[in-house]
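Okay, structure first, notes after.
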Amino acid sequence: MGKRNFADFSESPYTPHDRSQSLQLTRLFQKFEYGVMTLSKALKVARGFERQKLGRREKTAQKEEGEKKEGTLSRIAEEIQVVKTLDPHTTAEKYLFKQLLKTKRIAESPLFIAFKDKKKIAAEGPKSTAEANVTARLYKSTPVKNVFPGIMEGIRKLLGIEDKPAGGDVKGADKKAKDGKTKEKSTKEDKKKTKDDSEAKAKGSKASSTPATSTTFLPSLTMGGYWSGSEDEAEDGEAANEPPRRKNRMGQQARRALWEKKYGSGANHVKQEKNKRKAGGRDNGWDARRGATDGGDRWGRGGGPPAKKPEDNKPLHPSWEAARKAKEQKATAAFQGKKVTFD
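The opening residue of the sequence shown carries number 1 in UniProt numbering; numbering runs sequentially from there.
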């Protein structure tokens with residue numbers, strides 16, 4: 001038996017494109033199963049809430065009286081039976097597959113077509129009106145609404161289908177309309193300016209042809225009434241670029257101190273305080289700065305009478321007297337040393 005070539009082992013009936021497509025298909029199966037599992041958990045939670053609501057409706061219907069009572073109770077009983085026998089996994093699988101088929105771009109994807117042929121899920125409708133009502137309410141419940149958009153988004157990304165922003169075209173149209181309006185406005189302003197310039201030139205030529213019969217007073221440039229268009233525009237531009245300056249206003253105490261320096265006792269707030277003290281109003285004996293004061297205010301800003309100076313005639317303490325005498329003796333002590341002379 002002859003040796004076989006290496007090419008016999010390396011050759012494969014699948015091309016790289018087929019391998020990548022097979023890998024994508026496997027990922028789509030996994031993504032679909034994960035979405036069904038997540039959706040079935042949300043349906044279980046929603047089914048519990050729906051059972052509670054139907055129980056409350058049944059109690060309310062039992063208290064009512066009339067011809068519609070029997071029909072309402074039978075309908076609620078059928079819906080309760082549907083909720084009890086509902087399979088969350090099968091319901092989630094059918095609902096997700098149906099929504100994928102409804103999305104045109106997903107349904108036309110070659111990868112999804114291959115997935116549909118292999119999966120073979122029967123997208124049949126509800127068997128009864130009660131089942132249709134219950135499933136419709138479950139699909140619109142909050143737990144399902146919270147998880148379903150994320151599942152659809154994951155499948156779209158896997159298939160390479162991105163959602164186009166719905167407001168993109170509207171924004172573009174609005175932008176074009178705004179640009180058109182601004183251009184139209186600018187052309188109108190340009191026409192108006194050229195018209196005004198031509199009228200001003202015509203007036204200037206007429207005025208120059210007629211001689212001046214009287215003199216007119218023109219204000220100097222330093223006066224406030226002078227206005228120049230070009231300079232003013234430049235200043236406005238500079239002012240717009242600069243940040244707004246903060247205006248620090250003096251406080252009440254600072255203003256009162258300034259008025260006291262300027263007017264002294266003639267300041268209004270000083271006069272008002274004196275009048276209030278004389279009238280004996282509510283704030284009598286209270287100074288705005290110092291706080292509580294007596295009516296006389298004899299000692300100015302001090303808290304009491306001036307301190308008395310110590311009297312010198314008082315007898316000192318014996319220890320102080322002894323210390324004073326010792327100090328005096330040292331100061332008046334005679335020199336007792338010997339004078340040394342050198343030959």
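Beta carbons: idealized from backbone N, C-alpha and C, even for Gly. Since the structure is predicted, the reported quantities are computational estimates derived from the model, not experimental observations.
Looking at F49, R75, G48, the one whose alpha-carbon comes closest to that of A61 is R75. Straight through space, the alpha carbons of R51 and I113 are spaced by roughly 37 angstroms.
Residues V36, I121 of the same chain have their beta carbon placed closer than 7 angstroms to that of E93, with the five preceding and five following residues left out of the count. Taking C-beta atoms as the reference points, E79 and L54 count as a pair closer than 8 angstroms.
Burial is judged here by how many other beta carbons sit within 10 angstroms of a residue's own beta carbon; T135 has at least 16 and is buried.
In this chain, the alpha helix (DSSP H) harbouring I76 covers 68-85. Distance from the Cα of L28 is smallest, within the candidate group E131, L158, L100, H89, for L158.
The continuous alpha helix (DSSP H) containing L138 extends over residues 129-139. Across the structure, N268 and Q253 are spaced so that their CA atoms are roughly 13 angstroms apart. The three-state secondary structure of R249, taken from DSSP, is coil. In the DSSP assignment, N146 falls within the alpha helix (DSSP H) that extends over 142-159. In the DSSP assignment, N275 falls within the unbroken alpha helix (DSSP H) covering 268-279. Cβ atoms of L111 and Q24 come within 8 angstroms of each other, at about 6 angstroms. A Cβ-Cβ separation of about 6 angstroms places Y95 in contact with Y139 under the 8 angstroms criterion.
L73 has its alpha-carbon roughly 41 angstroms from the corresponding atom of K116. Residue environment for S109: buried (at least 16 other C-beta atoms within 10 angstroms of its C-beta). Secondary structure note for F112: its alpha helix (DSSP H) is the uninterrupted segment 110-119. K44 and K84 have their alpha carbons spaced roughly 11 angstroms apart. The beta carbon of A130 sits closer than 6 angstroms to the beta carbons of E78, E79, V82 from its chain, once the five residues preceding and following it are set aside; these are given in chain order. Annotation for K338: no alpha helix (DSSP H) segment contains it, and DSSP assigns it neither H nor E. Just so you know, the alpha carbons of N146 and F32 end up roughly 17 angstroms apart. Residue environment: P88 is assigned as buried (16 or more neighbouring CB atoms within 10 Å of its CB, all protein chains considered). Leaving aside the five residues that flank P143 on each side, the residues in its chain whose CB is nearer than 7 angstroms to its CB run, in chain order, A42, V45, A46. Taking the C-beta atoms as reference points, T38 is found no nearer than 8 angstroms to I161. DSSP places A333 outside both helix and strand once states are collapsed to three, so it counts as coil. Annotated three-state conformation of E64 is coil, per DSSP.
Using a 10 angstroms sphere on the CB of F342, the tally of other CB atoms stays under 16, which defines it as exposed. S128 and F49 do not touch by the CB rule: their CB atoms are close to 21 angstroms apart, not below 8 angstroms.
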